[in-house]
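Since the structure comes first, as structure tokens, the remarks are kept for the end.
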Amino acid sequence: MDINCIIQSTENLCISDDDVKNTANYLLGDEFEKSWDTNKLSLPPKASPLFCYKRRYARTVHSPQMSYKRELENRLSVRATLKLKSGKTLDYLPGDSISILPENNAQTVAWLLQRLTLDSLHDADTLFTHEVIATKHRSLPEWSHFTSPLSLRYLLTYCCELYIPVTRRILRLLADYCFDDNVSPVSAERQRNRLLEFSSAEGKKMFEKYIQIPDLNLLDILSIFSCCRPSFIRLLEILPTLQPRSYTLINPVDKQLSCEQELSFIFTRVDFKYPESDKHVGLIDRYPSRRHGTCTGWLEKIWFGVNQPDDYQKSNATSRSLVEANEQLRMSRAEIETLSTEISRIRDALSRSETEKANVQRENNTQRLDNDQLRAQLDDFEVELEQIKEQLEDERENNRNINEILTITRQKEQKALSEAQERTTEVIALRDRIASAEERAEMAQREVEKVRERLAETEREANRLSRSLSAERFEKERALSELRLSSLPAGYRPSGYSSLGATYYPGTSVSRDRTAYQERDDY
């Protein structure tokens, strides 16, 4: 059975900029532009406390014990066998699944406990009971149904899921627990403001870009915002219940049950890769790195510690101690580099302060000399001031005379202005008259043009009438001539030409044709 290892890529959790060497500077710096006022943010409503607690004085907490038998098939896939107690049986078929409730890594829990405010608890192993205050529109986690006293370490180890995604409501809650620790290079006020910006409606795009898309979880935020130390009871409100993981049974059913029943399943270790390059400083150096999945890493740890031969266990213990030593060495080197950087920064600050101190001393000496010179100049200024006062008296007298002259001049100007206004009024009246006269002239001109047009039309009408009269006269004469000709006998009717054949006779049709041509020319 070929089972591939599930690898979750966390490249987005790393900073690829060579100039940015600190994850806190990534979110707490000013690399992105803001268009809102920090004092006028639209924040989500502030969540009221869900639980209160009472401390108990018992000091022992027992966790359930489980025994497993495991066989390693290859490096990434493990076949685990769960042996039931004698007399216990389970009816199942191959392909059914069982659920295993894991526990969180002890190193991660210890780191988280250091980042919390324990309030009245002496330590993380102090027992306490909780009481629900208000549940309006809010659901209770499953661990809250326990009535027996519990310790905070037990809850974080066995009951609560630690690697949870961050929401804007969670950031709003964390913003109220930022306190100065005199260690973080970034002030608590700035970290609080940045958390409020991410949780506000105005910073929604920044929240998606810098927190949601890189898939930062709660431990990432607590690591970056080092001044944030929330109360443990408020943190328990937002942590969901640690859910059991389901695995498919692969062994056949032993129907005879001659021995203790065994349940076999295969799990694949979930690995999380973090970059080791110096140019990419990620969250691995900030808190116990999450190398493996919660359940698969826990199962592998049990497998390495229980079901191997003594020599192999010793070699594994040696290798694990070597790996842990290398990890601690690497973390120590990182801390040394951080401290060296901090020391060099402090040295630079001291040298700058000494230089500034010398500059201030030189400025003070120069200031003393300047003060002496100013005192001497002040005495000279006092003498000059007396002279200036006398000059001011003379100038005041001159000003009074000038004011009187100005008053007289203003009166004259007012008279001139009144006269000018009267003349202006007269000019305006004359302009109005001229404008009205011009309008009347234009109207007369238009009327003359209309009369001329009517005259031209009348002349054309007269010409037309004269032509029509001449045409009627012609028709009348022709009709008379035809009547005369018709009254004569046929032998005496002239033909229009003489007997010689070339003499023109005036009473013939030639004259009619000529009259027709004349009428055509008249038109």
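Heads up: the sequence shown is residues 1 to 523, going by the UniProt record's numbering.
All residues carry an ideal CB built from backbone N, CA and C; glycine is no exception.
Small disclaimer: the values here were computed from a predicted structure and weren't measured.
Alpha-carbon to alpha-carbon, residue j and residue i
| i | j | result |
| --- | --- | --- |
| E262 | S200 | 54 Å |
| R400 | N365 | 50 Å |
| D370 | R347 | 34 Å |
| R172 | L222 | 13 Å |
| L162 | Q107 | 12 Å |
| K204 | F198 | 6 Å |
| F207 | I266 | 39 Å |
| L239 | A358 | 55 Å |
| F225 | L174 | 10 Å |
| C227 | Y92 | 52 Å |
| A479 | V451 | 41 Å |
| L127 | C159 | 15 Å |
| L430 | K415 | 23 Å |
| T147 | Y154 | 14 Å |
| D215 | E202 | 20 Å |
| T129 | D123 | 15 Å |
| R433 | E413 | 30 Å |
| R115 | A80 | 36 Å |
| R396 | K389 | 10 Å |
| D176 | L196 | 9 Å |
| L374 | I402 | 38 Å |
| N326 | T241 | 34 Å |
| V448 | R467 | 28 Å |
is_contact[residue i, chain C] using C-beta, thresh 8 Å
| i | result |
| --- | --- |
| L127 | Absent here is chain C; the protein component of the structure consists of one chain. |
Whole-Å CB distance - residue i paired with residue j, under 8 Å assumed
| i | j | result |
| --- | --- | --- |
| R229 | T117 | 5 Å |
| E102 | L249 | The sequence given here places Pro at residue 102; Glu does not occur at that position. About 18 Å; that fails the 8 Å criterion. |
| D119 | S231 | 6 Å |
| T268 | T296 | 7 Å |
| S246 | S97 | 5 Å |
| S99 | P244 | 4 Å |
| R192 | C178 | 4 Å |
| L82 | L121 | Actually they do not touch by this definition, with Cβ atoms about 36 Å apart. |
| N217 | V166 | 6 Å |
Coil, strand or helix - residue i by DSSP
| i | result |
| --- | --- |
| I343 | helix |
| H130 | strand |
| L216 | coil |
| T248 | strand |
| I164 | coil |
| H145 | helix |
| E439 | helix |
| D271 | strand |
| C227 | coil |
| V186 | coil |
| R194 | helix |
| A80 | strand |
| S486 | helix |
| E475 | helix |
| E337 | helix |
| D96 | strand |
| L299 | helix |
| F265 | strand |
| T117 | strand |
| T241 | strand |
Sequence-distant residues of the same chain with beta carbon closer than 6 Å to residue i, five excluded per side
| i | result |
| --- | --- |
| N104 | T157 and L162 |
| N74 | Per-residue confidence for N74 stands at a pLDDT of 37, beneath the threshold of 50, marking its modelled position as unreliable; no derived number is given. |
| I170 | I238 |
| N251 | S264 |
Contact test: residue i Cβ vs the ligand NAP heavy atom, cutoff 7 Å
| i | result |
| --- | --- |
| R375 | Among the ligands in the structure shown, none appear at all, so the ligand NAP cannot be discussed. |
Close Cβ partners of residue i (< 8 Å) along its chain, the five nearest in sequence each way excluded
| i | result |
| --- | --- |
| H292 | R269, V270, D271, F272 and E300 |
Next on the checklist: Report the start-end ranges of each alpha helix (DSSP H) in the segment 346-416 that is 4 residues or longer and not cut off at the edges.
Outcome noted: Runs of the alpha helix (DSSP H) inside the segment 346-416: none found.
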